[in-house]
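In the order they appear, the protein sequences are chains A and B.
By the count of full-length UniProt numbering, the first sequence reaches residue 346 at its end, each step adding exactly one.
By the count of full-length UniProt numbering, the second sequence reaches residue 98 at its end, each step adding exactly one.
Cβ atoms here follow ideal geometry from the backbone N, Cα and C, with glycine treated the same way.
Since the structure comes first, as structure tokens, the remarks are kept for the end.
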Amino acid sequence: MSDELKITTLFLKDKKTRQQWESLLYHHDIFSITDKDVLLLDQTFGIYDNQGLIATISIASNVLKYLVIEERYRENGKLFNMLVSHAINALASQGIFHVLVFTKLDYAKSFQYLGFSNIMTTEYGVFLEKGDQSINTFLSQLPLIKGDYTISAIVMNANPFTKGHLYLVEEALKKSDYVYVFVVSANQSLFTSEERYQLVCQGVEHLERAVVCQGGEYMVSLATFPSYFLKNKEEVISYQTQLDALLFKEYIAKTLHITKRFLGEEPLSDTTKRYNKALLTYLPPEIEVEIIPRKTIDHHQVISATKVRECIQFGDLELIKQLVPITTYHFISEHLTELQKRLDNN
Amino acid sequence: MDIKKTAIAGTLESSDIQIMVSIGENGIELDLESQVIEQFGKQIKAVILETFDKYGIKNATVKAVDKGALDCTIKARTEAAIQRAIEKDHDLNWEALI
Numbered sequence: 001m002s003d004e005l006k007i008t009t010l011f012l013k014d015k016k017t018r019q020q021w022e023s024l025l026y027h028h029d030i031f032s033i034t035d036k037d038v039l040l041l042d043q044t045f046g047i048y049d050n051q052g053l054i055a056t057i058s059i060a061s062n063v064l065k066y067l068v069i070e071e072r073y074r075e076n077g078k079l080f081n082m083l084v085s086h087a088i089n090a091l092a093s094q095g096i097f098h099v100l101v102f103t104k105l106d107y108a109k110s111f112q113y114l115g116f117s118n119i120m121t122t123e124y125g126v127f128l129e130k131g132d133q134s135i136n137t138f139l140s141q142l143p144l145i146k147g148d149y150t151i152s153a154i155v156m157n158a159n160p161f162t163k164g165h166l167y168l169v170e171e172a173l174k175k176s177d178y179v180y181v182f183v184v185s186a187n188q189s190l191f192t193s194e195e196r197y198q199l200v201c202q203g204v205e206h207l208e209r210a211v212v213c214q215g216g217e218y219m220v221s222l223a224t225f226p227s228y229f230l231k232n233k234e235e236v237i238s239y240q241t242q243l244d245a246l247l248f249k250e251y252i253a254k255t256l257h258i259t260k261r262f263l264g265e266e267p268l269s270d271t272t273k274r275y276n277k278a279l280l281t282y283l284p285p286e287i288e289v290e291i292i293p294r295k296t297i298d299h300h301q302v303i304s305a306t307k308v309r310e311c312i313q314f315g316d317l318e319l320i321k322q323l324v325p326i327t328t329y330h331f332i333s334e335h336l337t338e339l340q341k342r343l344d345n346n
Numbered sequence: 001m002d003i004k005k006t007a008i009a010g011t012l013e014s015s016d017i018q019i020m021v022s023i024g025e026n027g028i029e030l031d032l033e034s035q036v037i038e039q040f041g042k043q044i045k046a047v048i049l050e051t052f053d054k055y056g057i058k059n060a061t062v063k064a065v066d067k068g069a070l071d072c073t074i075k076a077r078t079e080a081a082i083q084r085a086i087e088k089d090h091d092l093n094w095e096a097l098i
């Protein structure tokens, strides 16, 4: 082992580099990395010793990922600190100072030594953060409803906001005094996070007791979650849903005095169906969970954002008009070409 | 002098210290993580606070992760983080550095 081990940037587009990287990960139980997984990575760094890749770390948005160090180089944590430090500085140079990591229980301590704090521990892993923001700053920015009210919540991606979403909010307001509507912030949808948020705000503007909030980094969408250190899809979904449910219960609901969460019934997507099931497992008894059946239009067709996106692709504005509130309709008709272009690029 | 944005200096490698400075409201709120906090925590904090004082910064949130840095390193890293956070890193106040 040479004395001077240096960190270099890895370009995974290069076939040989990608092979070395994948083989290193493979030997540490990280299997089946798809091109899609790699595309989500913004930067990857590695350390070579005598031509062999011995350690690596990646960053995707503000999340640290794929951190692997060969066993014989792990002594005294030197390379671990080097890699994490390098990744943090790389993020800082892009103006990102809030860093998240999901890791196995065994590594949580090593991250804590580097100033990370533990947000949530589940049976599958630990979720930690470090930087100039924290879950507490996020919570303190949410509008607090004062008084003796029944407060409920809905979390939605709203890609885009449909009459189905509106119906869900209306139903929640029949059964509670106030409803928080959290819009998932992850930017991996056809409509940007800001567009989705604005359309929800406009769509419920007439409902005084609906409070719309950005979901931020802790209202986790499935897309933002790391799947890399878990062995199979089942485990991934279990971990994601468990973590999401616990974060909601322990932090968001406690701070805002939310006692009820409403979910839309999910007749179409299997993942969402399982997600709903997991929320039913973890949220009660502290938080009551109620599933609202989907709103349908004629011929018993359920209203879904997926359907709206299909209509955008085919330019079927007439059908879109039936599926979404007038506010969302105006936005789509004004931006149809732009939205179609985004669909094509995907 | 006011902190304008979050900035970071230093690394998490042995003999170094990582200093993150961001906007604060209640004086200098300093949070230090160090494996030698028992023996040297007081001294490390004093060096950091002194440096803030020298720049006339009254409010800031500071997160420091020490990996066994010497005082001169602590001072240099703190100054670098401050210069970046007050957006003066391209217009260094050399007099203050002495």
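{"query": "A:LEU128: first and last residue of the uninterrupted beta strand (DSSP E) it sits in", "result": "126 to 131"}
{"query": "Closest Cα partner of A:ARG309 within the set A:LYS13, A:TYR282, A:LYS295 and A:HIS335", "result": "A:HIS335"}
{"query": "Inter-stretch contact (C-beta, 8 Å, three-pair minimum) for the stretch 26 to 43 of chain B and the stretch 52 to 69 of chain B", "result": "yes"}
{"query": "Neighbour list for A:MET82 in chain B, Cβ cutoff strictly below 7 Å", "result": "GLU13"}
{"query": "Distance, A:ALA186 Cα to A:ALA223 Cα", "result": "Only weak support exists for where A:ALA223 lies, its pLDDT of 44 falling under 50; the value from the coordinates is given anyway. Whole-angstrom Cα-Cα distance: 7 Å."}
{"query": "Continuous beta strand (DSSP E) stretch holding A:LYS260: start and end", "result": "260 to 264"}
{"query": "Local Cβ density within 10 Å of B:GLU33, reported as buried at 16 or more and exposed below that", "result": "buried"}
{"query": "Whole beta strand (DSSP E) elements within the stretch 37 to 74 of chain A, 3-residue minimum", "result": "43 to 49, 52 to 60 and 63 to 69"}
{"query": "Contacts that A:LEU114 makes with chain B (C-beta to C-beta distance below 7 Å)", "result": "LEU12 and VAL65"}
{"query": "Secondary structure of A:HIS257, DSSP reduced to three states", "result": "coil"}
{"query": "Proximity test, Cβ basis, 8 Å: B:ILE3 and chain A", "result": "no"}
{"query": "Cβ-Cβ separation, A:THR162 to A:VAL324 (assumed contact under 8 Å), whole Å", "result": "5 Å"}
{"query": "Where A:PHE11 falls: helix, strand or coil (DSSP)", "result": "coil"}
{"query": "B:ILE28: contacting residues in chain A (beta-carbon distance under 9 Å)", "result": "Those within 9 Å of B:ILE28 in chain A number zero; the least Cβ separation is about 15 Å."}
{"query": "B:VAL36 versus B:LYS88, B:ASP91 and B:ASP16, residue with shortest Cα-Cα distance", "result": "B:ASP16"}
{"query": "Cβ contact check for the stretch 126 to 135 of chain A and the stretch 150 to 157 of chain A: 3 or more pairs under 8 Å", "result": "no"}
{"query": "A:HIS165, DSSP secondary structure in three states", "result": "helix"}
{"query": "Option nearest A:PRO13 by Cα separation, candidates A:LYS295, A:ASP37, A:SER32 and A:GLY147", "result": "Just to set this straight, residue 13 of chain A is Lys in the shown sequence, not Pro. Measuring from the Cα of A:LYS13, the nearest candidate turns out to be A:ASP37."}
{"query": "Residue environment, A:SER140, which counts as buried when at least 16 other CB atoms sit within 10 Å", "result": "exposed"}
{"query": "Nearest-angstrom beta carbon gap, A:LEU91 and A:ASN62 [assumed within contact, 8 Å]", "result": "6 Å"}
{"query": "Partners in chain A for B:THR6, counting only beta-carbon separations shorter than 7 Å", "result": "PHE97 and ASP132"}
{"query": "Cross-chain neighbours of A:ALA92 in chain B, by beta carbon under 7 Å", "result": "ILE8"}
{"query": "Host alpha helix (DSSP H) of A:TYR180 (start-end)", "result": "Note, A:TYR180: premise wrong, no alpha helix (DSSP H); beta strand (DSSP E) at 178 to 183."}
{"query": "The stretch 273 to 293 of chain A touching the stretch 237 to 254 of chain A, judged by at least three CB pairs closer than 8 Å", "result": "yes"}
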